[in-house]
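All residue numbers in the sequence shown are consecutive under this note's numbering, ending with 173.
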Amino acid sequence: QVQVVESGGGLVQPGGSLRLSCAASGFTFSSRVVNWYRQAPGKERELVATIGATGGSTNYADSVKGRFTASRDNAKNTVFLQMDSLKPEDTAVYYCNARAWGVTYWGQGTQVTVSS
């Protein structure tokens, strides 16, 4: 079965950190671009970070640049999003996706809440 599953969300205080994981089954991440999105209540889904295929190059939204870091562990078929210096406006459901055989696969999302 082809699927993508996010994990690692939770409640954290402003200034704190979380590391999200995105694991794939049924296909390999290593040769594919993986994207991280987020969607806050009442807002459109926003592209947060992209990590390239073989080279692992990364791109970030201006709102998270310098605070978020995407990485990949090909041996574990997993992509990570390290989130530091979290702000209340980072509160959202975070999703990852990747494209395989012409289909974009999304996970179910993981909730991140930044609040004191």
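In this text, a Cβ means the ideal position worked out from N, Cα and C, and glycines have one as well.
Quick caveat, the model's predicted, so the values are computed rather than measured.
The C-alpha of serine 78 lies about 5 Å from the C-alpha of serine 64. If you keep only unbroken beta strand (DSSP E) runs of at least 3 residues inside the stretch 71 to 105, you get 75 to 82 and 91 to 96. By the criterion of a C-beta distance shorter than 6 Å, glutamine 96 is surrounded in its chain by Arg102, Ala149 and Val150, once the five residues flanking it on both sides are discounted. With respect to the C-alpha of glutamine 70, the residue from Lys144, Gly113 and Tyr117 having the closest C-alpha is Lys144. For asparagine 154, the uninterrupted beta strand (DSSP E) run begins and ends at 149 to 157, by DSSP.
Here aspartate 147 is buried, its C-beta having at least 16 other C-beta atoms within 10 Å.
Ranked by Cα distance from aspartate 119, the first of Asp130, Ala132, Leu104 and Gly113 is Leu104. Its chain contains Asn131 as the residues whose beta carbon lies nearer than 6 Å to that of serine 87, once the 5 sequence neighbours on both sides are disregarded; these appear in chain order. In the three-state DSSP reduction, alanine 132 falls in the helix class (H, G or I).
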